[in-house]
Amino acid sequence: MIRFKGLLRLLSCCLLGLILWGTTPAAQSSEIHSEIIHSKINSGTIKVVATTSDLQSLVEAVGGTRVAASSIALPAQDPHAFEPRLANLQQLKGANLVVKIGLDHDLWFDKLLQETGNLELQRGGKGYVDASLGVPLLEVRSTTFAPTAGHNHGAGNPHYWLDPLNAQTMTGAIVEGLVKIDPDYADFYEANRTAFLLELDAKLTNWEQQLAPFQGIPVIAYHNSWPYLARRFRLKIIDYVEPKPGVPASPTHLAALIREIKAEHVSLVIKEPYEPEQIPKLLSKKTGASVVTLVSSVGALPAVEDYFALFDYNVRTLAQAFSQNLHDG
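To convert, note that position 267 of the sequence shown is 261 in the numbering used here; the numbers rise steadily by one, no gaps.
(1) Considering just the uninterrupted stretch of the beta strand (DSSP E) at Ile214, what are its terminal residues?
(2) Please work out which residues of its chain come closer than 7 Å, Cβ to Cβ, to Gln71, disregarding the five sequence neighbours upstream and downstream, and give them in chain order.
(3) Can you list, in chain order, the residues of its chain with a C-beta nearer than 8 Å to that of Pro152? Leave out the 5 residues immediately preceding and following it.
(4) Taking 8 Å as the cut-off, decide whether the C-beta atoms of Ala161 and Leu194 are in contact.
(5) Looking at C-beta atoms only, is the number of pairs between the stretch 55 to 63 and the stretch 75 to 83 that lie closer than 8 Å three or more?
(6) Short check: CB of Tyr234 to CB of Tyr216, under 8 Å?
(7) Taking the alpha-carbon positions, what's the Trp102 to Leu312 distance?
(8) Helix, strand or coil for Thr287 per DSSP?
(9) Output the boundary residues of the beta strand (DSSP E) element that contains Tyr122.
(10) Output the distance between the C-alpha atoms of Asn36 and Lys120, rounded to the nearest integer angstrom.
(11) Using the beta-carbon count (16 or more within 10 Å), is Arg187 buried or exposed?
(12) Touch check for the stretch 245 to 252 and the stretch 164 to 179: three-plus C-beta pairs under 8 Å?
(13) For the candidate residues Val285, Pro73 and Glu254, whose alpha-carbon lies nearest to that of Lys265?
(14) From Ser261 to Val213, what distance separates their C-alpha atoms?
(15) Looking at C-beta atoms only, is the number of pairs between the stretch 292 to 306 and the stretch 270 to 284 that lie closer than 8 Å three or more?
(16) Between the C-alpha atoms of Ser51 and Val292, what's the straight-line distance to the nearest angstrom?
(17) To the nearest angstrom, report how far apart Arg253 and Asp181 are at their CA atoms.
(18) Using a Cβ-Cβ cutoff of less than 7 Å, which residues in the same chain neighbour Pro78 once the five nearest sequence positions on both sides are dropped?
(19) Got a sec, what are the start and stop residues for the alpha helix (DSSP H) Tyr183 sits in?
(20) Just the Cα atoms here: how many angstroms apart are Asn218 and Leu131?
(21) Could you give the distance in angstroms between the alpha-carbon of Lys230 and the alpha-carbon of His321?
(22) Rounding to the nearest angstrom, what Cα-Cα distance links Val123 and Val92 in this structure?
(23) Please state whether DSSP places Tyr268 in a helix, a strand or coil.
(24) Could you have a look at Ala72 and say whether DSSP puts it in helix, strand or coil?
(25) Just tell me which of Glu202, Ala294 and Pro239 has its CA closest to the CA of Arg310.
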């Protein structure tokens, strides 16, 4: 009997050892590693590819930790001159949702999507979002045509994201797309959008206050990128360095611009980082107007890290330039 009890005690110790061995650091490490992998998957289950950094920023604002977003076109280059590469096709591999500016801004995108062979990412598919739908567009013509030079804005000026109020429509379209492919998180996306729009409303009030003293002051822009910004903040763009979008200025056009700048007392010539500096500098030298660099996309400058920072930078830059010109008299 004593031997039997001793045997039971020995078996119990062996069993306890086996149980304890199952919770050794190696086993615990395996469990922790599994939890980390699960956490990473949950932090970015929806892969979203946008055509521009501005759309990427809006996707990240409403998608939060549920999305892993990227963009294709570089922010500091002429978007109309962008040509996709093989790497961009690889970027679309495994995407759940794609978002485009639309109109004539990213005409290359639909062709690129066709090359993926994924019907859900193509026009009409549940993973395809055209952010321009529902946006009140400017410069819409009744018919569109292929331009003999430059590029065509006939379907409407495509730079609509530069009116911050249009982010209401754009984020609505993005949330609708996310909910189609991730319906269990509909409330999460809507809550993120609500928080974003509340912050946007507060910032818009501040931006309007900064530019209110300069409403109606005439300016010249290099390219027709700014009608939405001008309408929102009541700026007065009276002409462009390019006689038509994408068409270089001729000597005759430049001479007319110089006369116009002097006659209308134009104080600023607006350009973007990728646009040539020679002509704005020439106009400044001939007329005394200041050259100011604005950015039309998130990431075009290091300080412009998201959609809000885009307007923070442009509004502050404009207000400072206007103030300096008024001070210099």
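Glycine included, every Cβ here is placed at the ideal spot set by N, Cα and C.
So, to answer that:
(1) Pro212 to Ala215 is the span of the beta strand (DSSP E), which, as asked, contains Ile214.
(2) So the qualifying residues of the chain are Tyr268.
(3) Listed in chain order, the non-local C-beta contacts of Pro152 below 8 Å within the same chain comprise Ile95, Gly96, Leu97, Asp98, His99 and Ser126, local neighbours out to five positions each way being set aside.
(4) Result yes, Cβ atoms of Ala161 and Leu194 sit closer than 8 Å.
(5) The answer is no - the stretch 75 to 83 does not touch the stretch 55 to 63, with fewer than three Cβ pairs under 8 Å.
(6) When the beta-carbon positions are compared, Tyr234 and Tyr216 come within less than 8 Å of each other.
(7) Going by the C-alpha atoms only, they are around 33 Å apart.
(8) Thr287: strand per DSSP, three-state reduction.
(9) Unbroken beta strand (DSSP E) run through Tyr122: Tyr122 to Asp124.
(10) Confidence is the limiting factor: at Asn36 the pLDDT is only 42, short of 50, which leaves the residue's position unreliable, though a coordinate-based value still follows. Cα to Cα, Asn36 sits roughly 21 Å from Lys120.
(11) Per the 10 Å Cβ criterion, buried.
(12) Judged by Cβ distances under 8 Å, the stretch 245 to 252 makes no contact with the stretch 164 to 179, as fewer than three pairs qualify.
(13) In terms of CA proximity to Lys265, Val285 leads the group Val285, Pro73 and Glu254.
(14) For Ser261 and Val213, the distance between alpha carbons rounds to 6 Å.
(15) Flag = no, the stretch 292 to 306 and the stretch 270 to 284 do not touch.
(16) Their Cα atoms are separated by approximately 8 Å.
(17) About 57 Å.
(18) Result list for Pro78: Ile66, Trp102 and Leu106, in chain order.
(19) Looking at the DSSP string, the run of the alpha helix (DSSP H) that includes Tyr183 is Ala180 to Leu205.
(20) Answer to the nearest angstrom: the Cα atoms are 14 Å apart.
(21) About 20 Å.
(22) When rounded, the separation of the alpha-carbon atoms in Val123 and Val92 is 6 Å.
(23) DSSP places Tyr268 in coil when its eight states are reduced to three.
(24) For the sequence presented, residue 72 should be read as Asp rather than Ala. DSSP places Asp72 in coil when its eight states are reduced to three.
(25) The candidate whose alpha carbon is nearest that of Arg310 is Glu202.
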